[in-house]
Ligand SMILES: Cc1cc2nc3c(=O)[nH]c(=O)nc-3n(C[C@H](O)[C@H](O)[C@H](O)COP(=O)(O)OP(=O)(O)OC[C@H]3O[C@@H](n4cnc5c(N)ncnc54)[C@H](O)[C@@H]3O)c2cc1C
């Protein structure tokens, strides 16, 4: 049985390591076509410390990638405790694929024809699977910034929904010393650069900002449920069966509320490695494990619809509370329920959206 993995990102890199542990040597492809200075896909590098469990399974130690804990974060003015941190994601991806010869080229459907199993771990590209049945993506803009404090206070880690007109948020993730990722993402948002500039201007009395690099990106907030099919089957040369199956963001394992996909892509790759070759079981397991993503997606759909203009319903607010709890964010329950985080525009300034 010969296997190819298209995509040596988080999901593909992790899966290749899990396969090696199972005695399977896959061919891994990645053209690394990224318009970013770091050479990897644009990402905030934020993760729960719990990612360590997944890394330990493949012999890696989370401490080797830890940049900064974000044990306290500002959420629209509310400071809460979190189990989040920033990780050196480029280094992690390099280590995940260490010991595997990654072919520096993209895999297309024609070349994929040489393999019995092809894993589509191509993230947002979803280069080999048929399209998602109902895709939803949001654009992002992120800067790596040097921040100098004009006083003694260091810029705190934070997430701000109230700086976005609609569904999305601005994030401030520390990268050690005086460096930060400061980014913005939102459904249907235009002029992300203007919104980021406004943030710098608003903070300019306390901090000065120097942009080191800037990159745009897109996040799939479709949810797995709306990203089906997860696999397709055909026969090669009229006889030999071939399966193309997706893992990670290609099949939507990203939180629709937060855009967080690193740890869920690892989890998805692990489910795949444990399910192979039962693709129906894989599909069922992913849909069941990430059922909450379907609910978050439905909230986004509702809030974008005509009916949603009136604001979030009880279940939308509850889903937000669940999202914060799932991430281990210690927001006071009632306050979280009232503010509803990334959806706070609807609560704080409902008139502005009409
Ligand atoms: C601006 C931004 C900030 C984000 N911040 C965070 C964050 O802080 N925390 C978090 O958890 N998540 C974050 N995410 C989401 C997270 O980056 C992704 O969900 C996660 O990286 C998905 O992993 P993946 O392996 O499925 O896909 P990717 O990491 O995107 O990897 C896919 C790989 O496939 C390769 N590829 C593409 N086409 C082909 C092809 N035809 N053949 C071979 N290879 C191919 C690409 O080069 C890429 O290396 C962010 C996303 C963006 C855009």
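In this note's numbering, the protein residues as written are 0 to 353. From the three backbone atoms N, C-alpha and C, an ideal C-beta is built for every residue, glycine too.
Using a Cβ distance threshold of 8 angstroms, residue 195 and residue 183 count as a contacting pair. Runs of the alpha helix (DSSP H) lying entirely within the segment 21-106 and spanning at least 4 residues, in chain order: 50-56 and 88-95.
When the beta-carbon positions are compared, residue 327 and residue 25 stay at least 8 angstroms from each other. By the C-beta density criterion, residue 246 is buried, having at least 16 other C-beta atoms within 10 angstroms.
The beta carbon of residue 38 lies closer than 8 angstroms to those of 31 and 89 in the same chain, with the five residues before and after it left out. Within the chosen limit of 7 angstroms, ligand 1 does not reach the beta carbon of residue 179 with any heavy atom.
Partner residues in the beta bridge of residue 146, as assigned by DSSP, are 208. With contacts defined as CB atoms closer than 8 angstroms, residue 127 and residue 119 qualify as a contacting pair. Look at residue 115 here: in three-state DSSP terms it is coil, with no helix or strand label. Residue environment analysis places residue 27 among the buried positions, since at least 16 neighbouring C-beta atoms fall within 10 angstroms of its C-beta.
Taking all protein chains shown into account, residue 141 has 16 or more neighbouring C-beta atoms within 10 Å of its C-beta and is therefore buried. Any heavy atom of ligand 1 within less than 5 angstroms of a residue's beta carbon puts that residue on the list, which reads 5, 6, 8, 9, 10, 28, 29, 40, 41, 42, 43, 45, 105, 106, 121, 122, 124, 126, 139, 141, 216, 218, 247, 248, 253, 259, 260, 261 and 264. For residue 265, the uninterrupted alpha helix (DSSP H) run begins and ends at 261-274, by DSSP. At least 8 angstroms separates the beta-carbon of residue 218 from that of residue 177. Remark: C-beta atoms of residue 41 and residue 215 approach each other more closely than 8 angstroms. Taking a cut-off of 8 angstroms on C-beta distances, the segment 261-272 does not touch the segment 145-163, as fewer than three cross pairs fall below it. Listed as beta-bridge partners of residue 215 by DSSP are 140. CA-CA distance, residue 3 to residue 235, rounds to 15 angstroms.
In this structure, DSSP gives residue 231 an extended state, which the three-state scheme calls strand.
For the set 72, 105 and 111, the Cα lying nearest the Cα of residue 124 is the one of 105. In this structure, the beta-carbon distance from residue 156 to residue 72 falls below 8 angstroms.
Counting only residues of its own chain and dropping the five nearest sequence neighbours on each side, residue 61 has a CB closer than 8 angstroms to the CB of 48, 50, 51, 54, 55 and 86. Residue pairing from DSSP places residue 239 in a beta bridge opposite 235.
A residue is called buried when at least 16 other Cβ atoms come within 10 angstroms of its Cβ; residue 290 does not meet this threshold and is exposed.
Counted as a single uninterrupted DSSP element, the alpha helix (DSSP H) harbouring residue 319 occupies residues 313-325. Shown here for residue 113: same chain residues with a beta carbon closer than 8 angstroms to its own, the five before and five after excluded, namely 1 and 3 in chain order.
Residue pairing by DSSP places residue 173 opposite 179 in a beta bridge. Residue 316 has its alpha-carbon roughly 45 angstroms from the corresponding atom of residue 23. The beta carbon of residue 162 sits closer than 7 angstroms to those of 169, 194 and 198, all from its chain and outside the five residues before and after it, given in chain order. In summary, residue 307 is buried, with 16 or more beta-carbon neighbours lying within 10 Å of its beta-carbon over all protein chains present. Shortest Cα-Cα distance from residue 131 to any of 225, 298, 100 and 149 involves 225. Using a 10 angstroms sphere on the CB of residue 29, the tally of other CB atoms reaches 16 or more, which defines it as buried.
By the CB criterion at 8 angstroms, residue 285 and residue 250 fall inside the cutoff.
One thing to note: residue 295 has its Cβ within 8 angstroms of the Cβ of residue 254.
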